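Visitor: Chains as they are written, first to last, in my numbering: chain W, 81 to 522; chain F, 22 to 396.
Before anything else, here's the structure in question.
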Amino acid sequence: MPSAEAMVAPCSMPYCKGCSHGLVVRALGAALEATGLPREQLCLVSDIGCVGLIDRLFPTVHTVHALHGRSTAFASGIAMADGVLFDGALKTVVVIGDGGATIGLLHLVAAAQLNVDVTVIVHNNHLYGMTGGQASGLTPEDWITATTPVGNPLPPLDLVGVLRSSGATFLAREMAMNRGLADRLGEAIAHPGFAVVEVMELCTAFGVPLNSLNGKKLKLLAEQTGEPLGMRALDAGRPSFRAAWKDKHPRSGAGPQWPETPSTGALSLDRPLRFVVAGTAGERVQSAATLLARTAVAGGLFATQKKDNPVTQGTGFSVSELILSPEPIHYTGIPHPDAVVAASQVGWDYLVRTGVAARLDEQSLIVADEGIDLGAWGEGAVRLPLRARVRADGAALAALGWLAARLDVLPLNRLIDTAERAWGDKAGRSVAALQWGFEAGG
Amino acid sequence: MNPPTGRLLTTGNAMSAKAALDAGCRFFAGYPITPASQIFGAMTATLPSMGGLAVSAPDEISALALCIGASLRGVPSMTATSGPGWCLMVECFGYALMTETPVVVAVVQRLGPSTGAATQGAQGDIALVSGATSGAYTFPIFAPSTAAECYADTLRAFEWAERLRTPVVVLSDKEVASTAEVVELGGLPQASGAVRTAWGGGEGFRTYGWEQEADVPPFAPVGGEQVVTVTGSAHDRAGLLKKNDPETLANLRHLQAKIDAVEAEIGLVDTDIPEGADTLVLSYGVSARASRDAVAQARREGMRVGFANVRTLFPVPRTALGHALRGIDTVVLPEENHSGQYRQALGDVLACIDVRPVNRIGAAIKPSEILDALR
Ligand SMILES: Cc1ncc(C[n+]2csc(CCOP(=O)(O)OP(=O)(O)O)c2C)c(N)n1
Ligand code: SF4
Ligand SMILES: [Mg+2]
Chain W
81 MPSAEAMVAP CSMPYCKGCS HGLVVRALGA ALEATGLPRE QLCLVSDIGC
131 VGLIDRLFPT VHTVHALHGR STAFASGIAM ADGVLFDGAL KTVVVIGDGG
181 ATIGLLHLVA AAQLNVDVTV IVHNNHLYGM TGGQASGLTP EDWITATTPV
231 GNPLPPLDLV GVLRSSGATF LAREMAMNRG LADRLGEAIA HPGFAVVEVM
281 ELCTAFGVPL NSLNGKKLKL LAEQTGEPLG MRALDAGRPS FRAAWKDKHP
331 RSGAGPQWPE TPSTGALSLD RPLRFVVAGT AGERVQSAAT LLARTAVAGG
381 LFATQKKDNP VTQGTGFSVS ELILSPEPIH YTGIPHPDAV VAASQVGWDY
431 LVRTGVAARL DEQSLIVADE GIDLGAWGEG AVRLPLRARV RADGAALAAL
481 GWLAARLDVL PLNRLIDTAE RAWGDKAGRS VAALQWGFEA GG
Chain F
22 MNPPTGRLLT TGNAMSAKAA LDAGCRFFAG YPITPASQIF GAMTATLPSM
72 GGLAVSAPDE ISALALCIGA SLRGVPSMTA TSGPGWCLMV ECFGYALMTE
122 TPVVVAVVQR LGPSTGAATQ GAQGDIALVS GATSGAYTFP IFAPSTAAEC
172 YADTLRAFEW AERLRTPVVV LSDKEVASTA EVVELGGLPQ ASGAVRTAWG
222 GGEGFRTYGW EQEADVPPFA PVGGEQVVTV TGSAHDRAGL LKKNDPETLA
272 NLRHLQAKID AVEAEIGLVD TDIPEGADTL VLSYGVSARA SRDAVAQARR
322 EGMRVGFANV RTLFPVPRTA LGHALRGIDT VVLPEENHSG QYRQALGDVL
372 ACIDVRPVNR IGAAIKPSEI LDALR
């Protein structure tokens, strides 16, 4: 293993005397040197904390000093882009503390799942050094820290274990004082997928004095917690993110072109018409409204279609607000609908609950399935056997067909044209529903 | 590529996604949220086959962090979210601003606070988004009011993000982004291709090597031949962490200066102001749509009323608004929030003008409400 001298700047280490961070810096320098890679193919992404003060120490490689805990996510973005959009030559190494690994745990888990080509070196000194020695998620049980003055009540997170179960393909745990550390880091960096090395460290400012810690006790601690020291698990079978992506996504084209807009002969409309179509989710309320809108647009008219549904998209009401107009449409609300369609009880109830029904006046048409209880609105409403004749999923379409005919909005052949264009040989039942409604309204 | 013709029934979200692709976006990381998910869906469906990357992030912090990483590698990147997701992105957004990393975030507003109402529109995030950075640094925020403007403003967002090395937000709202409407393809602007000012090579590179405070420093990607030093901590032009240092403070001023310097050029306000009008309806986003109808009706009633649709919310387009407000003594300012967030942001731009706010939450402002304020 070459020495770290060529890689690490000769300035003084920014850490307290005896801090293990310095040992890892030297080992990392030697490991990077040993890769033999050109400097511009090496990138260090550092987290926040004492651990992150490395930019000045590695002046010849790319360095990104990230946010607290987010270093692994930034590194993953760099490595994904480099792997898929470039030649994948860049080696990205994250330098992070136990604190960063606590606040940013999900980024480590995600990187392991993705198996991105990122090496994460977790500098575990068992507490937040920079902020004054508070407990992290990796602080051992019963430890004294600034925030656990009578001893940490929680067991430490087994980080390597968590990442093992997340799919990490290279795992190691080492003492900072171990002479073999540089070799281990080198192996991790050479690994083409996600690699994590947890390095057991001393924080001489807090961890050591508060817990009368020394190297020997640290080793004991390491042996009692988490995965075994020196352990190294390599799963070479799982493809890296880059390999998996390239396999799944062969490059096939220049991307989407503008869709062909059919232009049928001009249609005319003497005024804007505003419909509220209400039904039940899954019963093709939206696609019925879209059919009218598309037909109008193909004929040179203007249309807007606004969906409303509960937060759960597959259940409950489904409402479509549809405006057809000879002029461009700006305001898309419908304070006074020309017609409402009630294709199901659930849909109608929503119109009552939200005050749409209360705003209807004498001019507004109500076209409703005959089975719906319209309450006070029953009188004067148009009742059709929609659900019985064209089934639940044809009800909205049939009602709109009825309106198209009765209000002389859109011709049947154009509506059928749009349906066939949209649904091809599956258009049969929709066309039948349209036809039935149109004839009933004509 | 021939300019497109014809017309399309489509949504603002779909147009934003198309614009991103046309602008050269090749990396998208997303986390689903109504009413922005459609952008994520469109990018997932299209980017991979074009040789780009569209990935699912485990949360919005990761989504923006991944985009920033890809952009540091030199790839135009984008994510999309709504209020709750934006809250998670704020820390990374500040990082993008501080590290001068281009990235575009589409924020589709829904009714807040908190989880609020996912399927209800609002214009309630003007202050939340514009005030995202500690120190209140200015970054471009564009506000489309139609599906076609979603296309144009997303193109602009990429162009300015790359040119200025800054994060940019396209701030739409549920109604504008997810209501299907007609887009006349012939009327869309052509993508000019977003270009990042690149380091040309040679000696003397510094990661943040501007000469004049308002300059944009030439960019070199992480992983490129020129080694870079990127940091979100206060830094000198070399990218090295430095506290209490005149160059560090100058660098912070530079972050604001480069935006201020382009105010007139980036400021976009669409106006329709008849000769002699002394009243102006000034709006943006969904409320600009009702404003158009209200202004048309007011004119039919014989009022001489102007209309201004503010497309660049920030930096506050002082130059463009200065022109629009010439001779105007009354401004009606509708926005779908309860406190008039943009009215407050305009501050002294509206000094000496009789301002009539029209505010409501829960539904788009109606043309009739704007007419009432005009009468
Ligand atoms: C979001 C956020 N929260 C809190 C902090 C404050 N902070 C700075 S360093 C640090 C702890 C660092 O601990 P660790 O990652 O273990 O590194 P060490 O200092 O021990 O090397 C914290 C909490 C921050 N910078 N950002
Ligand atoms: S506080 Fe602890 S971690 Fe930080 S430099 Fe000092 S010894 Fe190292
Ligand atoms: Mg620590």
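Built from N, CA and C at the ideal position, the CB exists for glycine as well.
Given the structure is predicted, the values throughout are model-derived calculations rather than measurements.
1. With a threshold of 16 other CB atoms inside 10 Å of the CB of V216 of chain F, please say whether the residue is buried or exposed.
2. Let me confirm a value: T200 of chain F is counted as buried when at least 16 other C-beta atoms fall within 10 Å, else exposed. Which label applies?
3. From Y158 of chain F to V124 of chain F, what distance separates their C-alpha atoms?
4. Which residues in the same chain have their Cβ closer than 7 Å to the Cβ of A419 of chain W, if we skip the five residues on either side of it in sequence?
5. Can you check whether the C-beta of L276 of chain F is within less than 8 Å of a C-beta belonging to chain W?
6. Kindly indicate which three-state DSSP category M21 of chain W falls into: helix, strand or coil?
7. Ends of the alpha helix (DSSP H) at C123 of chain W?
8. In chain F, which residues lie with their C-beta within 8 Å of the C-beta of T344 of chain W?
9. Just to confirm, does A178 of chain F get its C-beta within under 7 Å of one of the non-hydrogen atoms of ligand 2?
10. With respect to 7 Å, is the separation between the Cβ of T239 of chain W and the closest non-hydrogen atom of ligand 1 below this value?
11. Under 8 Å by Cβ, that's how I've got A339 of chain F and F328 of chain F pegged, so tell me the actual separation to the nearest angstrom.
12. Span of the beta strand (DSSP E) holding E254 of chain W?
13. Please report the Cβ distance between H145 of chain W and G253 of chain F, rounded to the nearest whole angstrom; I am assuming they are in contact, meaning their Cβ atoms lie under 8 Å.
14. Measure from the C-beta of N389 of chain W to each C-beta in chain F and report whether the shortest distance is under 8 Å.
15. Is L30 of chain F near R374 of chain W, with beta carbons less than 8 Å apart?
16. Hey, D476 of chain W and R318 of chain W are a contact pair by Cβ (cut 8 Å); roughly how many whole angstroms apart?
17. Who does I201 of chain W pair with in a DSSP beta bridge?
18. Inspect the CB distances between the segment 342-351 of chain W and the segment 451-462 of chain W and report whether three or more fall short of 8 Å.
19. Should G180 of chain W be counted as a contact of ligand 1 given a C-beta to heavy atom distance under 7 Å?
20. Just to confirm my understanding: we take C96 of chain W, look at its own chain, exclude 5 residues before and 5 after, and list those with CB closer than 7 Å. What are they?
21. Should the segment 221-233 of chain F be called in touch with the segment 144-158 of chain W, which here means at least 3 C-beta pairs below 8 Å?
22. In chain order, which beta strand (DSSP E) runs of at least 3 residues are fully inside the segment 281-343 of chain W?
23. Considering only heavy atoms of ligand 2, does any lie closer than 7 Å to the CB of G209 of chain W?
24. Between T211 of chain W and G129 of chain W, what straight-line distance do the alpha-carbon atoms span, to the nearest angstrom?
25. Using the DSSP secondary-structure output, state which residues sit across from T333 of chain F in a beta bridge.
26. Taking the alpha helix (DSSP H) that D429 of chain W falls in, what are its first and last residues?
27. CB of N205 of chain W to nearest heavy atom of ligand 2: below 7 Å?
28. For a test of the three-state rule: what should DSSP assign to Y411 of chain W, helix, strand or coil?
29. Based on the DSSP output, what are the partners of P378 of chain F in its beta bridges?
30. Where A461 of chain W and V391 of chain W are concerned, what is the direct C-alpha to C-alpha distance, given to the nearest angstrom?
31. Within a Cβ cutoff of 6 Å, which residues of the same chain sit near A369 of chain W, ignoring the five residues on either side of it in sequence?
32. P415 of chain W touches chain F at which residues, Cβ-Cβ below 7 Å?
33. Does the Cβ of S216 of chain W lie closer than 7 Å to at least one heavy atom of ligand 3?
34. Do the segment 352-363 of chain F and the segment 290-304 of chain F touch if we need at least three Cβ pairs shorter than 8 Å?
35. Drop a sphere of 10 angstroms on the beta-carbon of N358 of chain F, count the other beta-carbons inside from all chains shown, and report buried for 16 or more, exposed for fewer.
36. Would you please verify whether the beta carbon of G394 of chain W is less than 8 Å from any beta carbon of chain F?
Guide: Reading off the structure:
1. It is exposed - the Cβ of V216 of chain F has fewer than 16 other Cβ atoms within 10 Å.
2. With 16 or more Cβ atoms within 10 Å of its Cβ, T200 of chain F is classed as buried.
3. Approximately 16 Å, taken between the alpha carbons.
4. A distance below 7 Å between beta-carbons, with the five flanking residues on each side excluded, links A419 of chain W to the following residues of its chain, in chain order: F355, S444, L445, V447, L483.
5. Output row for L276 of chain F: interface = no.
6. In the structure displayed, chain W extends from 81 to 522; residue 21 of chain W sits before or after that span and is not available.
7. It is not in any alpha helix (DSSP H) - C123 of chain W instead sits in the beta strand (DSSP E) that spans 122-126.
8. Within chain F, no residue has its beta carbon less than 8 Å from that of T344 of chain W; the closest one is some 12 Å off.
9. Proximity of the beta carbon of A178 of chain F to ligand 2 is not indicated: no heavy atom of the ligand is located closer than 7 Å.
10. According to the sequence displayed, residue 239 of chain W carries Leu and not Thr. Checking the Cβ of L239 of chain W against ligand 1 gives no.
11. It is Arg, not Ala, that sits at residue 339 of chain F in the sequence shown. Wrong, their Cβ atoms sit about 19 Å apart, outside the cutoff.
12. Start and end: 250-255.
13. Going by Cβ atoms, the distance from H145 of chain W to G253 of chain F rounds to 6 Å, so yes, they are a contact pair.
14. Output row for N389 of chain W: interface = yes.
15. Contact flag set, yes.
16. Here residue 476 of chain W is Ala; the residue named in the question, Asp, does not match the sequence. That pair is no contact at about 48 Å.
17. Beta-bridge partners assigned by DSSP to I201 of chain W: W:V175, W:V277.
18. Touching, no, given that fewer than three Cβ pairs across the two stretches are closer than 8 Å.
19. Yes.
20. Excluding sequence neighbours, C96 of chain W sits near T284, A285.
21. Between the segment 221-233 of chain F and the segment 144-158 of chain W there are fewer than three C-beta pairs closer than 8 Å, too few to call the two in contact.
22. Here the runs fully enclosed are 312-314.
23. At least one heavy atom of ligand 2 is nearer than 7 Å to the Cβ of G209 of chain W, so yes.
24. Roughly 8 Å separates the two Cα atoms.
25. T333 of chain F pairs with F:F163.
26. From DSSP, the alpha helix (DSSP H) with D429 of chain W extends over 425-433.
27. For N205 of chain W, the shortest C-beta to heavy atom distance toward ligand 2 is below 7 Å.
28. Y411 of chain W falls in the coil class under three-state DSSP.
29. For P378 of chain F, DSSP records a beta bridge to F:L354.
30. If I take the Cα positions, the gap works out to 30 Å.
31. Counting only Cβ-Cβ distances below 6 Å, and skipping sequence neighbours, we find V357, Q385, S400, L402.
32. Chain F residues near P415 of chain W: K387.
33. Yes, Cβ of S216 of chain W sits closer than 7 Å to a heavy atom of ligand 3.
34. Segments in contact, yes.
35. Answer is buried; the Cβ neighbour count reaches 16.
36. Taking Cβ atoms only, chain F never reaches closer than 8 Å to G394 of chain W, which makes this a no.
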